[in-house]
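**Q** Starting off with a structure, shown below.
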Amino acid sequence: MAQLNSNYLKLKAGYLFPEIGRRVKSFCDANPEAAKRLIRCGIGDVTEPLPLAARDAMHRAIDEMGTREGFHGYGPEQGYEFLRRAIAENDYRAKGLEVADDEVFVSDGSKCDCGNILDIFGHDNRIALMDPVYPVYVDTNVMAGHTGEADESGRYGGLVYLPCTGENGFVSALPDEPVDLIYLCYPNNPTGATATRAQLERWVAYALEHEAVILFDAAYEAYIRDASVPHSIYEIPGARKCAIEFRSFSKNGGFTGTRCAFTIVPHELLCHTDGGEKKPLHPLWNRRFSTKFNGVSYITQRGAEALYSAEGRAQVASLIDLYMGNAAILREAVAECGLSVHGGENAPYIWVRGPQGRTSWELFDAILGEANVVVTPGSGFGLAGEGYFRISAFNSRANVEEVGRRFQALRW
Ligand code: MLT
């Protein structure tokens, strides 16, 4: 009889967002009137129309595809030259950061990249991640067999959890045991916290000293407002030798449904073979791409390229202004309820400490039942998220204002 991957059986419950979806559906089925006024601030999914520059470029690309001369079949798995160049030039070289076009790998999403990257690492790495954490980092390691079973609290054996709390400003201290792979996400999902240059310098120094690799998820970098906060791990000297960076067009260009992202794997980044030899990771990631992926559609890549045009940039900036304006409204409304509020200043997520003694899921149920607003329970991101909930600022202005009013009417 064929054998299944029993690592999947270790996974706790469902993936967080489908689980929230199930609970919301059963609430709506039982309360059809309340369902009509439901406002979703749970999953961080954008709500505003795609920028015109991207739509125009995609229309043109479709028309090209309708001609014999302009038709595109399989493209380069790693992405078309035009997009790899636009990314390396605009996101990095124009800012004084060294990234070559062929270090850019265009994909269909950062969530996929964060999971797929494990293919090019061995199975004996000690893995460090923040708690609370974007659940994809944990679950993909469970699936790959890099962990033991989960304990009562939901933490998996074999992972090094680094608590991010109000006390450490939601940026953890360095691990006090050696680790080989380190997931960092800044601006952070779910807490909305940012890491300072000095903090990132400490992580890079740690990684260089321990020959560890940092997996740096910068999906929310476009939301940074504070000029002193780094947008890229490559702003830190030495990071090209120890870090992979993930970025996405989902949250800046509104591509959550269109699907386009990229990973940077520098040529200098080396890891040990089983025999102790040092080899670059770049050819492995390239090999993985060409074997398991056929690239993002030409049409989508033309849309992503257009986000770097003058009009595209202006349109992205106004989307981000809208969502960050929402974040400010939500922050203020929550603070007026007397709750302690974090994030939302350089990130589209507001991280709220609920009243003492109430669990995250209790808060989720109360907010859903009484205000008919969907938030994300903090404990869904890890043990250290217990007692918190996350509000996503991705919504229309009118909905966000209504959420603010409903929060103030709640009895906290
Ligand atoms: C979130 O809500 O945490 C994110 O939207 C999920 C994602 O980007 O995959």
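When the letters of the sequence shown are read in order and numbered with the working numbering, they come out as residues -11 to 400.
The beta-carbon is built from N, C-alpha and C at its ideal position, and this holds for glycine as well.
These numbers come from a predicted model, not from an experiment.
1. Please confirm whether any heavy atom of the ligand MLT lies closer than 8 Å to the CB of aspartate 33.
2. When every heavy atom of the ligand MLT is checked, does at least one fall within less than 8 Å of the C-beta of asparagine 104?
3. Please confirm if the stretch 277 to 285 is in contact with the stretch 56 to 65, defined as three or more CB-CB distances below 8 Å between the two stretches.
4. Under the rule that 16 or more other beta-carbon atoms within 10 Å means buried, what is phenylalanine 59, buried or exposed?
5. How would you label isoleucine 50, buried or exposed, when you count the other beta carbons within 10 angstroms and need 16 or more for buried?
6. Would you call the stretch 169 to 181 and the stretch 199 to 210 in contact, with 3 or more CB pairs under 8 Å?
7. Is the beta carbon of phenylalanine 382 less than 9 Å from the beta carbon of proline 365?
8. For phenylalanine 352, verify whether its CB is less than 8 Å away from any heavy atom of the ligand COA.
9. Count Cβ pairs between the stretch 139 to 149 and the stretch 186 to 206 that sit closer than 8 Å; are there 3 or more?
10. Reducing DSSP to helix, strand and coil, say where threonine 288 ends up.
11. Taking the beta strand (DSSP E) that glycine 331 falls in, what are its first and last residues?
12. If contacts are defined as beta-carbon pairs under 8 Å, then leucine 4 and proline 123 qualify, I think. What distance do you get, rounded to the angstrom?
13. Quick one: using the 10 Å Cβ neighbour count with 16 as the cut-off for buried, is alanine 42 buried or exposed?
14. Taking Cβ to Cβ, would you say isoleucine 115 is nearer than 9 Å to leucine 169?
15. Would you mind stating whether cysteine 259 and threonine 288 have Cβ atoms separated by less than 9 Å?
16. Whose C-alpha, out of Phe369, Ile355 and Gly370, is nearest the C-alpha of valine 363?
17. Beta carbon of alanine 181: closer than 8 Å to some heavy atom of the ligand MLT?
18. Would you report the Cα separation of phenylalanine 395 and valine 304, rounded to the nearest angstrom?
19. By how many angstroms is the C-alpha of glycine 30 removed from the C-alpha of glycine 245?
20. To which residues of the same chain is tyrosine 400 closer than 7 Å at the C-beta, ignoring the five residues directly before and after it?
21. DSSP beta-bridge partners for isoleucine 338?
22. Identify, in the order they occur along the chain, each residue of the same chain with its Cβ nearer than 8 Å to the Cβ of leucine 398, setting aside the five sequence neighbours on each side.
23. So the candidates are Glu374, Gly84, Gly110 and Ala231; which of them puts its Cα closest to the Cα of glycine 263?
24. Taking the runs of the beta strand (DSSP E) that are 3 residues or longer, which of them lie wholly in the stretch 250 to 281?
25. Just verifying my parser: in three-state terms, what is the DSSP assignment at glutamate 65?
26. Following the continuous beta strand (DSSP E) through leucine 150, name the residue where it begins and the one where it ends.
27. I believe threonine 251 touches aspartate 101 by the beta-carbon criterion, under 8 Å. Please report the beta-carbon distance rounded to the nearest angstrom.
28. Considering Cα atoms alone, identify which of Asn334, Thr261, Val284 and Ser(-6) is closest to isoleucine 308.
29. Quick one: is the Cβ of threonine 244 within less than 8 Å of any heavy atom of the ligand MLT?
30. Find the nearest neighbour of glycine 331 within the set Phe204, Ser367, Arg213 and Glu265, judged by alpha-carbon distance.
31. List in chain order: all unbroken beta strand (DSSP E) runs of 3+ residues lying wholly within the stretch 129 to 183.
32. Can you say whether histidine 270 is buried or exposed, counting buried as having 16 or more other CB atoms within 10 angstroms of its CB?
33. Does at least one heavy atom of the ligand MLT sit under 8 Å from the Cβ of asparagine 177?
34. Would you say the beta carbon of tyrosine 211 is closer than 8 Å to some non-hydrogen atom of the ligand MLT?
35. Helix, strand or coil for proline 20? Go by DSSP, reduced to three states.
36. When burial is assigned at 16 or more other CB atoms within 10 Å of the CB, is asparagine -7 buried or exposed?
**A** In short:
1. yes
2. No - the ligand MLT has no heavy atom lying nearer than 8 Å to the Cβ of asparagine 104.
3. yes
4. By the neighbour-count criterion, in which 16 or more other beta carbons inside 10 Å mark a residue as buried, phenylalanine 59 falls on the exposed side.
5. exposed
6. The stretch 169 to 181 is in contact with the stretch 199 to 210.
7. No, they are not a contact pair.
8. The ligand COA is absent from the structure shown, which contains only the ligand MLT.
9. no
10. For threonine 288, the three-state secondary structure derived from DSSP is helix.
11. 328 to 331
12. 5 Å
13. buried
14. Going by beta carbons, isoleucine 115 and leucine 169 fall inside the 9 Å limit.
15. Not in contact: cysteine 259 and threonine 288 (Cβ atoms no closer than 9 Å).
16. Ile355
17. no
18. 29 Å
19. Between the alpha carbons of glycine 245 and glycine 30 lies a gap of roughly 16 Å.
20. Residue 400 is actually tryptophan in this sequence, not tyrosine. Around tryptophan 400: Cys325, Gly326, Leu327 and Pro343.
21. Gly331 and Ile379
22. Closer than 8 Å at Cβ, skipping near neighbours: Cys325, Ala354, Ile355, Glu358 and Ala359.
23. Gly110
24. 258 to 260 and 266 to 268
25. In the structure shown, glutamate 65 adopts coil according to DSSP, grouped into three states.
26. 147 to 151
27. 5 Å
28. Asn334
29. In this structure, the C-beta of threonine 244 approaches the ligand MLT to less than 8 Å from one of its heavy atoms.
30. Arg213
31. 147 to 151 and 169 to 173
32. buried
33. yes
34. no
35. helix
36. Classification for asparagine -7: exposed.
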